[in-house]
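Step one of this worksheet: look at the structure below.
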Amino acid sequence: MKYWWINLVTVLIVLAGSGEAQLAENFYRSTCPNVEAIVQQAVSTKFSQTFVTIPATLRLFFHDCFVEGCDASVLIASPNGDAEKDSSDNISLAGDGFDTVVQAKQAVEAQCPGVVSCADILALAARDVVVLTGGPAFNVELGRRDGLVSQASRVAGNLPEPNFNLNQLTSMFAKHGLSLTDLIALSGAHTLGFSHCDRFSDRIYSSPVDPTLDSDYVNQLKGMCPRDVDPSIAINMDPETPRTFDNVYYQNLVAGKGLFTSDQVLFTNSQSQPTVTDFANNPGDFNGAFITAMRKLGRVGRAGGQLVEGFYESSCPNVEDIVKKAVTAKYMETNISGPAILRAFFHDCFVEGCDASILIASANGDSERDAEANLSLRREGFDTVNRSKIAVENECPGVVSCADILALAARDAVVLTGGPTFDVELGRHDGLISQASRVAENIPDSFFNLYQLKTIFDKKS
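In structure tokens:
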């Protein structure tokens, strides 16, 4: 029992992403109760300006979630042109999708400054564009954190290509906890939007022509995409009802009118064909499956706790050594830094998850660190993280989150005081919201009995 508290730290570090996984439909009930109505109004206004808003926002949400999780990192711009949005797979993302989120964010900030994440706004906007085009309404879970890291190099291999076969598609979706039915249902979003000639021209100009394509559809596509045409010309994904969210996409697949190989294979492959046929004949089945798949998609990524030990292997391989050196230097100055950093880590993780929001200072004195339960946190703990962050930034600017640095520092403090060493999973996002009001009842008091302690720990699994 000597190291029970060290075991607790180990459990906290292993489960450090769990706070981020706790999405809830009423997450902003007390802090921004009108957020959904605000976003819906902004999306509707943008839609009235251009229909492109619809497919652009849906595609943006998918591309965001499949790279580093649903964290809005696809929105981040880089002066060096090396952010996610700059990758070759994302260059074709329409600007109207980005503008939809920007306008919605501005509207939300006007009423609830510093409260709602861009990631949640994008998730809400994706739902709203479905509804605006006749699709089903559904509740959206909220509470995502915005990612602060966005790198083009992380996009490659994480988005499906138009020539993928079913095995490639199912493997990619399975990595994110999405089933074959989810894959087929989410593909139904292709009932909206458009693509470009260069994304499917090999199907109509190969010799022989792709035999899975309807011959009349081939001639139609050739008419719109002659050999020497501008490859960026837009072609509707759904040739029948391109502006309505419906199940006609699946009827098109049955008729051999899937624009991409990755569309048509859903019908030609015997494994997926029964579901496509069902969705083609039963719009209610499609709508239900789409709602389920969209909710699961919204949970994809590190927000669902998918941390890994080698997260910074390529982007900041020396991060653990850098943090360890900084923590050791601070500990040599004062051994108070040991318990101070451990307590800061615990208090951070038990309020909104391990997101380093405990470190955020507020000019108004209303951030987490200003809460009564946190006023006794020693500055040596904060200073340890600050020094470590500065040292890491000198070698790997803009890569490592403060949340990961705090987790590493907590482990290092244990080792420095004679405790066991252990590996730390990394890949947390820094929280951008820090409110004193969220601390109450989340930190155990010194007078708690066992039942009270067990209850508060059970809430964190």
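Going letter by letter, the sequence shown gives residues -21 to -1, 1 to 440 in mature numbering (1 follows the signal peptide of the UniProt record, and there is no 0).
Just so you know, even glycine gets a beta-carbon here, dropped at the ideal spot from N, CA and C.
Contact belief for residue i with residue j at Cβ below 8 angstroms, rounded distance in angstroms
| i | j | result |
| --- | --- | --- |
| A83 | V18 | 5 angstroms |
| V403 | S294 | Not a contact, Cβ separation roughly 16 angstroms. |
| A350 | A415 | 4 angstroms |
| A135 | F173 | A135 to F173, Cβ: 24 angstroms. No contact. |
| S52 | V128 | 7 angstroms |
| V227 | T170 | 6 angstroms |
| Y229 | G167 | 7 angstroms |
| residue 489 | L165 | As displayed, the chain neither begins before -21 nor continues past 440, which places residue 489 out of reach and without an answer. |
| residue 441 | A234 | Past the boundaries of the shown model lies residue 441; the chain is included only from -21 to 440, so the question cannot be answered. |
| L138 | D68 | 5 angstroms |
| D391 | V306 | 4 angstroms |
| E347 | R417 | 7 angstroms |
| C333 | A386 | 6 angstroms |
| L2 | E120 | 4 angstroms |
| D362 | K309 | 7 angstroms |
| L148 | S241 | 6 angstroms |
| D327 | I315 | That pair is no contact at about 18 angstroms. |
Euclidean distance between Cα positions of residue i and residue j
| i | j | result |
| --- | --- | --- |
| Y(-19) | P399 | Because the pLDDT of Y(-19) is 42, which lies under 50, any placement of that residue in the model is unreliable, and the question is left without a value. |
| L321 | G360 | 8 angstroms |
| F224 | N5 | 27 angstroms |
| G406 | S132 | 16 angstroms |
| D424 | T220 | 60 angstroms |
| K433 | A323 | 21 angstroms |
| N421 | L356 | 15 angstroms |
| L37 | V279 | 15 angstroms |
| D43 | F427 | 43 angstroms |
| D189 | L238 | 11 angstroms |
| Q90 | T10 | 10 angstroms |
| Y430 | A388 | 31 angstroms |
| A(-1) | L276 | Unreliable positioning characterises A(-1) in this predicted model, as indicated by a pLDDT of 45, which lies under 50. A coordinate reading is not provided. |
| A(-6) | I412 | With a pLDDT of 47 at A(-6), under the threshold of 50, the predicted position of this residue should be treated as unreliable, though the coordinate-derived value follows. Computed Cα separation, rounded: 17 angstroms. |
| G76 | F30 | 11 angstroms |
| C381 | A319 | 16 angstroms |
| T32 | A104 | 10 angstroms |
| A116 | P12 | 19 angstroms |
| Q252 | Y196 | 20 angstroms |
| E288 | S27 | 46 angstroms |
| A352 | A73 | 46 angstroms |
| P218 | P205 | 17 angstroms |
| V14 | G122 | 12 angstroms |
| Q85 | I55 | 16 angstroms |
| F246 | I339 | 51 angstroms |
| A21 | V109 | 14 angstroms |
| K368 | R124 | 20 angstroms |
| Q250 | D437 | 41 angstroms |
| L162 | S194 | 27 angstroms |
| T79 | K25 | 6 angstroms |
| C176 | P210 | 5 angstroms |
| A282 | G317 | Because A282 sits at a pLDDT of 49, beneath the cut-off of 50, its placement in the model cannot be relied upon, and the following sentence gives the value as read from the coordinates. So the alpha carbons of these two residues sit roughly 29 angstroms apart. |
| F40 | T160 | 19 angstroms |
| residue 452 | K236 | Since the displayed the chain opens at -21 and closes at 440, residue 452 lies outside it and no answer follows. |
| N231 | T112 | 18 angstroms |
| L101 | V95 | 11 angstroms |
| Q243 | N261 | 19 angstroms |
| P58 | V81 | 18 angstroms |
| D300 | A370 | 10 angstroms |
Sheet register partners of residue i (DSSP bridge)
| i | result |
| --- | --- |
| L121 | A3 |
| S174 | I214 |
| V287 | L405 |
Start-to-end residues for the alpha helix (DSSP H) that takes in residue i
| i | result |
| --- | --- |
| H326 | 316 to 328 |
| K438 | Here K438 belongs to no alpha helix (DSSP H), and DSSP marks it neither H nor E. |
| E347 | Unbroken run through E347: none, as it is neither H nor E. |
| I53 | Residue 53 is actually Val in this sequence, not Ile. Here V53 belongs to no alpha helix (DSSP H), and DSSP marks it neither H nor E. |
| H42 | 32 to 44 |
| Q19 | 14 to 28 |
| F426 | That residue, F426, is in no alpha helix (DSSP H); it is neither H nor E in DSSP. |
| V364 | 358 to 374 |
| G398 | Counting along the chain, G398 falls outside any alpha helix (DSSP H), and DSSP gives it neither H nor E. |
| residue 445 | There is simply no residue 445 to check, as the chain begins at -21 and stops at 440 in what is shown. |
| I337 | Here I337 belongs to no alpha helix (DSSP H), and DSSP marks it neither H nor E. |
| S416 | First-last for S416: undefined, no H or E at that position. |
| N231 | 227 to 233 |
| E312 | 298 to 312 |
| V244 | 240 to 247 |
What are the uninterrupted segments assigned as alpha helix (DSSP H) that are 4 or more residues long and contained completely in the region 253 to 284, given in chain order? For the region 253 to 284, whole alpha helix (DSSP H) runs of length 4 or above, ordered along the chain, are 262 to 276.
Contained alpha helix (DSSP H) runs [length at least 4] in the region 137 to 172, N- to C-terminal order: Complete alpha helix (DSSP H) runs here, min 4: 145 to 153, 159 to 166.
Along the chain, which unbroken stretches of the alpha helix (DSSP H) at least 4 residues long are found entirely within the region 66 to 107? 74 to 90, all fully within the region 66 to 107.
Contained alpha helix (DSSP H) runs [length at least 4] in the region 175 to 199, N- to C-terminal order: You should have 180 to 184.
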